[in-house]
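Q: Residue numbers (this note's numbering), protein chains in the order written: chain F, 372 to 710; chain G, 372 to 710.
Quick one: this structure, given as structure tokens, is what I'll be asking you about.
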């Protein structure tokens, strides 16, 4: 186990700072990493005291009282030099930490990820990938919101980033890459897709052609590439669909006593399923292509989710992800398709 | 009840012709409409004979043996003049039928809808709307695949079409209209959204600003407008997510006897939920803005789904939908925002 040091944003998130700090504590104990608790020291220290962790040598409080609220424009963070996000990203930029984890304003995390941590060599635009569950395993959807109005050559880079993620982190040996469209055949889709398809064919990726919306949760591709606008609305719609379905089923269950009993008996199975699909279990969403791991967790992240997100950051370093990514971009994309 | 006449494509769909013909028979009995069974007469007539419906005066077989397969490019249909879709659309164009219903190749249905049935006055681009369920009611997502690379003024028309659908067909008195984006505030989103937002503000619609992916199943808007590429991938991803979740839960249930019992007890509640969410229950997806109702059903449509789709076509006529739509386009969109 390496002695990684991570900057943890303790101001951002629905359950900040309590659950965030607790997640940081868990990470020191279970993973052995050093954690900079970046945030409002007056709030963080009482939590450490109450938890009996004031003398934990793996924890260091870095005072950064400002926060970028969920409703503030993301770019605000670049002006708020005392915000936990900016200070945390600076720790990474200065080489004092090897990664940044935040449950805060997603756009602001992206902004410091891109502009303070910075993009890795060869990477034109860092992108967010999410590994979505399906009955056979997982499918990486990339980009889910770091970039809008992407150009064809950006999508080609996203494809290589997604390939590298699937191979290095998820352990897929020869990831099947698809281009999200509204029809299977080459020539189907919007202008962006039509221009990207021939470029992807020229790469050394295992490109399987167009994927459709129905492929996202079907396990037919390991990586599905799309513009960040499209990926983001799909991701959020999926979350909201899951929530709505549970609520509607609950309404129906309420109407019958037998159904209530049935629900109780089903609970363990449902919990096992939930564990598979649960955000808290699989940690955070990485901004891939940044110089160091930047992990965005759900706003509702609890201590366990935070700890898992820190674990994910460690895995990227353990796998030498960025080195592999740079190699792949150089190797897989022919000169004429380069950005 | 009016004596509407509808053209029913009996060649297209996974369960064609049997379930389609049966759906047509149901429609004559339950709805009293005249149905042209357009398709391969050699296959349709034995079904009618076996069902004892050869002398049903509300059924008329129109021989059109050709079909546009699911894997053929949609434009094929415009060359296949003997295909059931082309012949059916022609019946509508000639005024012999008041609408077209098909479970066939969606792109081909759209093609005959746009080019044979044709667009209604004032409508630049017909669009497909789908009413998605949420815990509070339904949300109309438009466009879900009839148009890609839409321009801002097209989205404005889609908004008025969606408004009219929500008001006239779903009975929402003052539909809340949202523009699908990746952030709530004006200025968030891709170029298309940024240009469309100020135009929507100038209309007389009850425009509530940007909607996010999470609003689609949350009941926070009655109409959500997007480009057809985006809407299509969301719709298909949602379907596939529902399917994957059911499959993954089933896998977990199999592992325990108590869970199996629980599932049995829950069944009636789940079935009531399924009824709410089921495609077969709510019929088909309309191509709105065509001169006459064109209803696209799911490829897996059974007799009941077909009958319900025919019912939907009748409702559009009963509500004088197109008249209202033309009025709304004229009234709601100021001259400077017109296409």
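We put the CB at the ideal spot given by N, CA and C, even for glycine.
All figures in this text were calculated on a predicted structure; none of them were measured in a lab.
1. How about residue 556/G: is its C-beta nearer than 9 Å to some C-beta of chain F?
2. Looking at the C-beta of residue 522/F, does it have a partner C-beta in chain G at a distance below 9 Å?
3. For the 8 Å Cβ check, are there 3 or more pairs between the segment 494-512 of chain G and the segment 398-413 of chain G?
4. Run the CB neighbour count on residue 539/F, radius 10 Å, all protein chains shown included, and call it buried at 16 or more, exposed below.
5. Could you pull out every residue in the same chain whose Cβ sits closer than 8 Å to the Cβ of residue 583/F, ignoring the five residues on either side in sequence?
6. Can you pull the chain G residues whose beta carbon is under 9 Å from the beta carbon of residue 589/F, in chain order?
7. Could you check whether the segment 455-475 of chain G touches the segment 374-383 of chain G, counting it as contact only if at least three pairs of C-beta atoms, one from each stretch, sit closer than 8 Å?
8. I'd like to know if residue 506/G contacts chain A, where contact means its C-beta is closer than 9 Å to some C-beta of that chain.
9. Which word fits residue 423/F, buried or exposed, when buried means at least 16 other C-beta atoms lie within 10 angstroms of its C-beta?
10. Is residue 597/F close to chain G, meaning its C-beta is less than 9 Å from at least one C-beta of that chain?
11. Would you kindly report the start and end of the unbroken alpha helix (DSSP H) that includes residue 567/G?
12. Return helix, strand or coil for residue 510/F, following the three-state DSSP convention.
13. Give the secondary structure of residue 427/F by DSSP, where H, G and I count as helix, E and B as strand, and everything else as coil.
14. Name the chain F residues whose beta carbon is nearer than 7 Å to that of residue 643/G?
15. Three Cβ pairs or more, each shorter than 8 Å: is that satisfied between the segment 561-575 of chain G and the segment 697-705 of chain G?
16. Taking CB distances under 9 Å as the criterion, tell me whether residue 549/F reaches chain G.
17. Report yes or no: is there a C-beta of chain G within less than 9 Å of the C-beta of residue 416/F?
18. Nearest to residue 687/G by alpha carbon, out of 537/G, 515/G, 436/G and 531/G?
19. Rounded to whole angstroms, how far is the Cβ of residue 666/G from the Cβ of residue 404/G, which I believe are closer than 8 Å?
20. Which value, in whole angstroms, describes the spacing of the CA atoms of residue 632/G and residue 622/F?
21. Answer with yes or no whether the minimum CB distance from residue 499/F to chain G is below 9 Å.
22. Thinking C-alpha only, which one of 495/G, 566/G and 499/G is nearest residue 481/G?
23. Helix, strand or coil for residue 651/G? Go by DSSP, reduced to three states.
24. Would residue 525/F be called buried (16 or more neighbouring beta carbons within 10 Å of its own) or exposed?
25. Check whether the Cβ atoms of residue 473/G and residue 383/G lie closer than 9 Å to each other.
26. Kindly indicate the opening and closing residues of the alpha helix (DSSP H) around residue 536/G.
27. Please compile the residues from chain G whose C-beta is within a distance smaller than 7 Å of the C-beta of residue 584/F.
28. Is residue 432/G helix, strand or coil when you go by DSSP?
29. Can you give me the C-alpha to C-alpha distance between residue 651/G and residue 545/F, rounded to a whole angstrom?
30. Please state the DSSP three-state secondary structure of residue 627/F.
31. Hey, quick one: how far does the beta strand (DSSP E) through residue 577/G stretch, first residue to last?
32. In the DSSP assignment, what residue or residues form a beta bridge with residue 549/G?
33. Quick one: give me the first and last residue of the beta strand (DSSP E) that residue 505/G is part of.
34. In the DSSP assignment, the alpha helix (DSSP H) including residue 680/F goes from what residue to what residue?
35. At which residues does the beta strand (DSSP E) containing residue 472/F begin and terminate?
36. Helix, strand or coil for residue 610/G per DSSP?
A: Looking at the atomic coordinates:
1. yes
2. no
3. no
4. buried
5. 551, 552, 553, 554 and 555
6. 611, 614 and 615
7. yes
8. The question asks about chain A, but that chain is absent: this structure's protein chains are F and G.
9. exposed
10. yes
11. 562-573
12. strand
13. coil
14. 623
15. yes
16. no
17. no
18. 537/G
19. About 13 Å separates the two Cβ atoms, so there is no contact after all.
20. 20 Å
21. no
22. 499/G
23. With a pLDDT of 48 at residue 651/G, under the threshold of 50, the predicted position of this residue should be treated as unreliable, though the coordinate-derived value follows. Looking at residue 651/G - three-state DSSP - the assignment turns out to be helix.
24. buried
25. yes
26. 523-539
27. 603, 604, 605, 606, 607, 608 and 611
28. strand
29. The pLDDT assigned to residue 651/G is 48, lower than 50, so where the model puts this residue is not dependable; a value taken from the coordinates is nonetheless given after this. For residue 651/G and residue 545/F, the distance between alpha carbons rounds to 39 Å.
30. coil
31. 577-582
32. 595/G
33. 498-505
34. 674-689
35. 471-473
36. helix
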